Structure formats: C-alpha cells, structure tokens
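Protein chains in written order, with my numbering: chain H, 1 to 440; chain A, 441 to 880. No residue lacks a Cβ here, since even glycine has one placed at the ideal position from N, Cα and C. The model shown is predicted, which means the values in this text are computed figures rather than measured ones.
Protein chains: 2
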Amino acid sequence: MQRFVPAFPNRLSGLTINSTRLWDTIHTSCQWGAAHRYGKNLTDTGMARLALSDDDSKVRAWFVSETKKLGCDVTIDNMGNIFALRKGKNGGPMTAIGSHLDTQPRGGRYDGILGVVAGLEALRTIHENGYETNYDVGIVNWTNEEGARFPKSMHASGVWAGVTPLEEAWNLADIMNPSITTKAELQRHGYLGELTCSSASYPLAAHFELHIEQGPILEGSNKKVGIVSGAQAYRWLTVTVDGRDAHTGTTPFNARKDPLLAAAKMVVHSNELAKERGALASTGVFKLPMGSSTNTLPAQVIFTLDIRHPSHGVVKEIYSKCIEGFNKIAMEDGKGVDVTIEVETDSPEIKFHPDCREAIRKAANGVVGEDGSMDIMSGAGHDSVYTSRICPTGMIFVQCKDGVSHHPTEYCSPEDCSIGAQTILDAVINYDKLRVEQGM
Amino acid sequence: MQRFVPAFPNRLSGLTINSTRLWDTIHTSCQWGAAHRYGKNLTDTGMARLALSDDDSKVRAWFVSETKKLGCDVTIDNMGNIFALRKGKNGGPMTAIGSHLDTQPRGGRYDGILGVVAGLEALRTIHENGYETNYDVGIVNWTNEEGARFPKSMHASGVWAGVTPLEEAWNLADIMNPSITTKAELQRHGYLGELTCSSASYPLAAHFELHIEQGPILEGSNKKVGIVSGAQAYRWLTVTVDGRDAHTGTTPFNARKDPLLAAAKMVVHSNELAKERGALASTGVFKLPMGSSTNTLPAQVIFTLDIRHPSHGVVKEIYSKCIEGFNKIAMEDGKGVDVTIEVETDSPEIKFHPDCREAIRKAANGVVGEDGSMDIMSGAGHDSVYTSRICPTGMIFVQCKDGVSHHPTEYCSPEDCSIGAQTILDAVINYDKLRVEQGM
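Pasting the structure below:
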C-alpha cells in the first residue's frame, strides 16, 4: 500500500506529524471490533464496536496504555470518559483534542476513531520533539458518542456539559437488552471512574475535534479541510402508532385500525414536508414490537423521525407540520389509529467559537493553503456540540469518499487523515499560544 | 356465567349437542397456550399456541386422549395431522370434521379451536346416543394451519392435498429460529407419524369445517350461520428493498439510497391500487434486518404484501400493477434502490362442493331457520381450501364479535358456538345419509 508522506512546509507549529504512524495506529486500533468485510485488503472492513462492548473495553485499555507511554496523566470519570493530559508550563485546564472510539453496529474505521487517533498522533509528535506547550494539552475519548447501543447520542459529553442528568445517563439501557444499563457496563469493564462527570470536576480550556465530513460537500468542492462554523439544528422524535391486530383476509379496509399503513404514510409525508423546506427528515428505526405475520396486521408500529436544518426555527416548523399531518393521517383509513409523538432530543443550531475557528483557519492555511479549505456546517451531532456549551470549541472536517459514513465502506485516505491530524496539531499549538496572549 | 342451552327443535339429526360441555371443552383446551389477558374472567385471555410448541403438543395429547375415550381409531401422519375415526356401518373413507388447534402468537380462543372442539362435541353426541352412522365419521386436527411459526399457512393440509412437497414442508424452519425445522419439532413431540401425509394414504370422503367468520358480515347482516360458498383468491409476496445505510444528518436526499422511504411508498401505493379495485392489500411484516438507528438509514427493508379478491384475475392484475409501481418508486428518490419481489403463495379463488353446501343449508334451516343463514365468501384461507381440491368440502361460519380475529379479544358467544356445532353435526349426518343414497 502506498503511503502519503506530506511535507507541510508552511505548518505553523514547526512540528510534523508522522503520517505512516498515524495510518498504522488508526488500523491497529481497529483490530478491536473489525467487522463487515467488503474487500481483500487487511483494512477493507467496517467496524462494529458498540460503546462499552468487550471490543470497546479493549481499545480503551490500549488507548490508556498508549497515552501513558507519552507521560500523560489519565483520568476516568464516572461516565467512562477518558482524559489523557500532558503537562504544559503553566498547568491547566487543558486544551483538548476529543472524539470517540465507539462505532455504529455497521460503521466504518474513521468516524470518531480518526479524531482520537489524530489526538494521539499530535501528542506523540509534541512528545518526541520535546515541545513544551504553555498550558496542559490532552485527549478526550468520550463514551457512547454514537448512541447506537445506549440510545442517546453524545451520551457522556452530554453529562459532562450538564445537559443530561448523571442518573438518567447511567440508567439508559442497551437497546437490544433492556436489562443491561450503561452504569452496569461501565462497572463491568472498570470504567466507572471515581471523578464525577462534569465540566466543573474536569474543566477544559478548549475542545478541538477532527472528524470526517460524513457528507459529499468537501469532495464536491475539491477542498481538503472544512473549518466547521457550527452544527445544524435537529430534533429526534419517536412516533408510536397504535391500532389493532386483525386478519388481513377477512377485515375490510373500513373495519381496520392499521398502524403500519398509517406509519408508512407518515414517513412519506415527513419526507415531503422536509423536501419543501430544503431540510432533512429521516426514519432509521421502524419496529413492529408486538409481532404480526403475513396475514395479521400489527397492533402497533414505532418509528423514529430525525428532522434537521441549519435553522432551529425551520426544524420546529417542520415538526409542527408533522404533528398536524400525522394526526390527519391517523384518521384517514378505516377506524383510524392513535398516534403519540415524543421528542427524544432537541438540539438548536450551534456556532463554534471564533477563537477556535481562527486557530483552525490559520492552521489550515499553513497545511493546505488558503484555497484548500472552506467554511462548512456540520450535518451531524458531535461531542463538540455539547462541549461548545461550556468551553471554546472548534471542529475540522476532512473528506470521506463519496460522502459515505455509518457504513462499513466509509473511507478517509491516508492523505486526508494526515492533513486532518497536522491541522489539528497546529490549531492546538496556535490556541495554546493565544492563551498566553489572552492570559487564559 | 350464563350458558346458552338451545332447544334446536327442528334439528334434522335428532341428536342434540351439549352446549355447556362444548363451551367448557373449548376453554379446557385453552389452558394450554392461554396468554394476553384483557379482562377479569377466567376466559378473558387470548392464545399463543404456536404450531408444534410445547403447548400445542400438550393440547394434541389431550385431543388424542379425548377421542380415544369415544372409541376412535387415532392415526397420525408424518406431518403430524391427527385423524380420529369413529367406525360406521359400512366403513370408510370417513366423513371428516376438520380444523386446527394451533393459533397466532397473539390469537384468540376460537379460530381453529372451535372447529376441532365442535368436531369432538359432535362425536361425543353421536357416541352417547349410540347413534350408528352409515360410514365412518371423524375429526382431523391439521398441523400449522396458521403458518405463524413455520411461515406457510395450511402447511400440513397442503401436503395432504399434494400441493406442497413433503420434504419442503419438513424443511420449513421456525421464523424466529432458523435452526429449528418442522420435521425436528414433529420428531421432538412424537408427532412424526409413520403414515405418509397424503390423500392417498388417508383418504377422506368429505371435509366439513366450522369456523368463526373472522369478519363483520354475519353480525352486520344479523345472520347466525354463514354457508360458505368458497374462498377468495390471494397472493402473498415478500418484497426486498436494498439501499445503502447512511448518516441521516449528513447525507443529502439526492445522495441517498433509502430503502425505508421507498418501502413506505410501496405500502401506501399497494393500498391505493387495492382500494381502486375493491380488493385488499395488506402489509403485516416490515423488517430492517441489518439494524440501523435514529441517525442511520437502514441498508435493507423486507416487507410482506397480501393481495386478496374474490377473483384470481383481479389479484393478478393488482400484482402486475404493484410490480410496475414498485419499480417506478425504486427510482424516485436520491440514487434509487433495488427491489426484488418474490411470490410466496398463490391461491386462486375456490368454490366449495354443492353437495356439502346443500347438506349445510338443510342443517342450518333446521337449527336457525331459513332466515337465520346466508351464503358468504371466505376472506381467509382455511384447511378446507386445500381439502376442496381432493374431496367434497363445505364450511360453516358463525359470528365473532365485531368481526375481530387474530387478536386476544376474539370472541364467539356460547350461543354461536352451539349453533355452529349443532349445524356441523347435522350437516355431517345429512351427508352420511346422502352417501347411502348416492352409493358413495
């Protein structure tokens, strides 16, 4: 395999990451949870490393050991977040590079993983060059960012930021096995730390995150680095449609209470509403929890709806129209169905901190030149969305092939991984210098 | 509880069933598999007695024991069908009263069960009156009529009628556990008889079946007995929609291959097509087998479609329009999806035998008077649909409350159970006499 070894002549930090080591480390870390092979190369697999699974536990142990080799102080809080801190001249709080090591059940090798491993590569580079930062710098591995196993995205950064109460987060159960709670799994793996998970207990001076774009915009615009201005607003709904199970051959349409037909109409309708407003509305989960069969209508359908738009106002508008439309659909067929809509998550659009964006912009100019970067909005939620509520936060996007993510074939080239890692290293060094200027 | 003790003064057979014993026996048999309580009375539950489950095995043993008490010869074939024969003056083949003791996972206490227990009550009445039939009469309990556990309706009567090859029927696996085959479960419970399942090995002179209507027509028409003229045609499809899993926040609509949106549109479209032609089209199963989450689109959706109409021609027409429409829908959104349609079952409409219908009509006139019955079409499939391919067959419907079936609250009143049992007894006696006249 050919490796990309960049020169980065204009990098601001004076430090150069090791591209080969970065690439090797990403895929070394993927030995735990590799799954869904799609090609012949060793790295032609996706990942299935659900939060607090045995594989996640193993990669965490590896991560702790690697950061300790660099002289880091490792702290684990009671949501399992791992903070690896490398001392600077004037102490803390640290400027953090954070992301997550957990993946979707059919995820890829870069989403989250690139962010944490780039942090490790940045610290390794600082360490081996004997570079002394003004303030502490470090890495955070946030627990259960994906929300795939315990169904709450940015689960632990939400607790850290004071958005989600600790008890609620601890009690959140495995979506496949309601008897297993987050707390039980933290305990089982030894990641229920003594420190309370909160920004007061473990403050950060700033949070930087490198992530694949998970969309096609950078690639389509031929830009190497996305300077993320913020994240779009979104609202997650669980829609429960209750009807009555009935025989498909003997129950005339006018005698039915068919939740599946109604739910199908609601999915189609939400899609139409989103299209009209240039927003997104998506259903990823559609369950018939009580069982049914080819000749028995289900009694209940539960589906999720994820509405997104750069403006929270538009999200709320589509939500209102969905409620109105769903209630109408509920009455349309047969004897009607009952519909209950629950808001699971509501996240207004957020703007990242100008100081962080500026630190990233300068870094990107050094690495890929002014023409190589662009401002971009994040379509997805990230731990940075929660940290931005508490401390200055910035994000860097790099290209992923065809915009594909949350899929085994998700791919970020060695070149793009390196560009991202070098940019975040330089951004953190820039920010560390800014802290001295600003006396932070 | 108040019991209905009818007089049936004009019954043709001269025999009177024991209504209280019938009602008690129905609910005695429901001790195995009772589930889904909805009220306070002992009998206010539904049933979950899947074919060849432990509960089904227990009720089978009870059934064999009860028929042996009446002096019946019991034969079990290698699909587990149980034939209980009571000798007549001139021997066989027997005039059979048949139905099934298995239920849906969320089924009721009457679908199938009433038919078998009414057969038992008919034989008990014949037996205790010392009545001698001209030819053998008896009861059949057909295996896995529901097709809920092993996904093929009228599974074993289909083998008996030569429609389904034995090996195929044996290899059919539990829908929840693909490692368990029908044959393995027959063997485990001791119901893999030595006799080959076929109409040649165990011929029947005629097949009569009493069943709840499973629809609202009798109740709406204020008629007590339905003389079933035949069964509507139906076709069962499995539709597989393949797309690509993708992040819901970062994948624009035009970059998606969203199988769930496409499948939802297909469900809605098939409903519209059926409505236009006065037919039925229903989806009971809708699965996302590869997993997904609120923020990940699924890669695949599999759903069933059940198309029904009294005319096979109309069923085929709707099927063709579905294929055309589904292929169009597959191209409508984003980068499109792939759709595969498989026909699982195809059943043309059938007409029951005039001799059986006449025997039932005369019986019904005696029990409920000429105004008390009506001709009716069966919306559902029944074992009688398959027996009608081989021997003269007739069916009797009685009311079920609100037309509800395949549901725990399915209910047939003591009065309606008794009317049905008396009518089928008299119909069988009528037919037994007809056989002498016709030298059958």
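The contact set of H:Asp-245 on chain A, defined by CB atoms closer than 7 Å, consists of Arg-546, His-846, His-847 in chain order. Of the residues assessed, H:Arg-37 falls on the exposed side of the cut-off, its CB having fewer than 16 other CB atoms within 10 angstroms.
Note: H:Ala-173 is bridge-paired with H:Thr-181 in the DSSP secondary-structure output. Rounded to whole angstroms, the Cβ separation of H:Thr-75 and H:Tyr-202 is 6 Å, and the two are in contact under 8 Å. When DSSP states are grouped into helix, strand and coil, A:Leu-482 belongs to the coil group. A check of alpha carbon separations from H:Leu-70 across H:Ala-96, H:His-127, H:Gly-278, H:Lys-287 identifies H:His-127 as the nearest. Under the 9 Å criterion on CB atoms, H:Met-374 is classed as non-interfacial with respect to chain A. With a contact defined as Cβ atoms closer than 8 Å, H:Thr-296 and A:His-846 qualify at about 5 Å.
The beta-carbon of H:Gly-284 is placed less than 9 Å from the nearest beta-carbon of chain A. Using a Cβ distance threshold of 9 Å, H:Ser-99 and H:Glu-209 count as a contacting pair. By the neighbour-count definition (other C-beta atoms within 10 Å, threshold 16), A:Glu-607 is an exposed residue. With contacts defined as CB atoms closer than 9 Å, H:Asp-375 and A:Ala-695 fail to qualify as a contacting pair. When C-beta distances to chain A are compared with 9 Å, the residues of the region 125-157 of chain H below that value are Glu-146, Gly-147, Ala-148, Pro-151, Ser-153, in chain order.
Scanning its chain for C-beta atoms nearer than 6 Å, with the 5 sequence neighbours on each side dropped, one finds around A:Glu-782 the residues Thr-678, in chain order. A distance below 7 Å between beta-carbons, with the five flanking residues on each side excluded, links A:Gly-776 to the following residues of its chain, in chain order: Lys-697, Ala-770.
Taking the C-beta atoms as reference points, A:Lys-761 is found nearer than 9 Å to A:Leu-713. Taking 9 Å as the CB threshold, A:Glu-608 stays off the interface with chain H. Excluding its 5 nearest sequence neighbours in each direction, H:Ile-139 has C-beta neighbours in its own chain below 6 Å: Ala-84, Ile-97, Gly-119, listed in chain order.
For A:Glu-653, the chain H residues whose C-beta falls within less than 8 Å of its own C-beta are Thr-250, listed in chain order. In the structure shown, A:Glu-653 adopts coil according to DSSP, grouped into three states. Put simply, the CB of A:Met-487 is far from chain H, with every gap to its CB atoms at 9 Å or more. Around H:Asp-306, the beta-carbon contacts reaching into chain A at under 8 Å are Thr-688, Gly-689, Thr-734, Asn-735.
Residues are counted here when their Cβ sits less than 8 Å from a Cβ of chain H; for the region 634-668 of chain A these are Glu-653, Gln-654, Gly-655, Pro-656, given in chain order. Annotation: H:Val-368 has no Cβ neighbours in chain A at a cutoff of 9 Å; minimum Cβ distance is about 21 Å.
Annotation: the continuous alpha helix (DSSP H) that includes A:Tyr-759 extends over 752-772. Its chain contains Thr-304, Asp-306 as the residues whose beta carbon lies nearer than 8 Å to that of H:Gly-284, once the 5 sequence neighbours on both sides are disregarded; these appear in chain order. Taking a 10 Å sphere around the C-beta of A:Lys-480, we find fewer than 16 other C-beta atoms and assign the residue as exposed. Fewer than three beta-carbon pairs drawn from the region 275-289 of chain H and the region 357-377 of chain H are found closer than 8 Å, and the two stretches are therefore not classed as touching. Counting only runs of at least 3 residues, the region 373-408 of chain H fully encloses the following beta strand (DSSP E) elements, listed from N- to C-terminal order: 373-378, 393-398.
Two segments are said to touch when three or more pairs of C-beta atoms, one from each, lie closer than 8 Å; by this definition the region 84-94 of chain H does not touch the region 143-151 of chain H. Look at the region 55-71 of chain H: it has no residue with a C-beta under 9 Å from a C-beta of chain A.
Rounded to whole angstroms, the gap between the alpha carbons of H:Thr-103 and H:Pro-348 is 24 Å. For A:Met-706, the enclosing alpha helix (DSSP H) stretches over residues 699-716.
Residues of the region 463-486 of chain A with a Cβ closer than 8 Å to any Cβ of chain H: none. In the structure shown, H:Val-163 falls within a coil segment according to DSSP collapsed to helix, strand and coil. A distance below 6 Å between beta-carbons, with the five flanking residues on each side excluded, links H:Val-116 to the following residues of its chain, in chain order: Ser-99, Leu-101, Asn-141.
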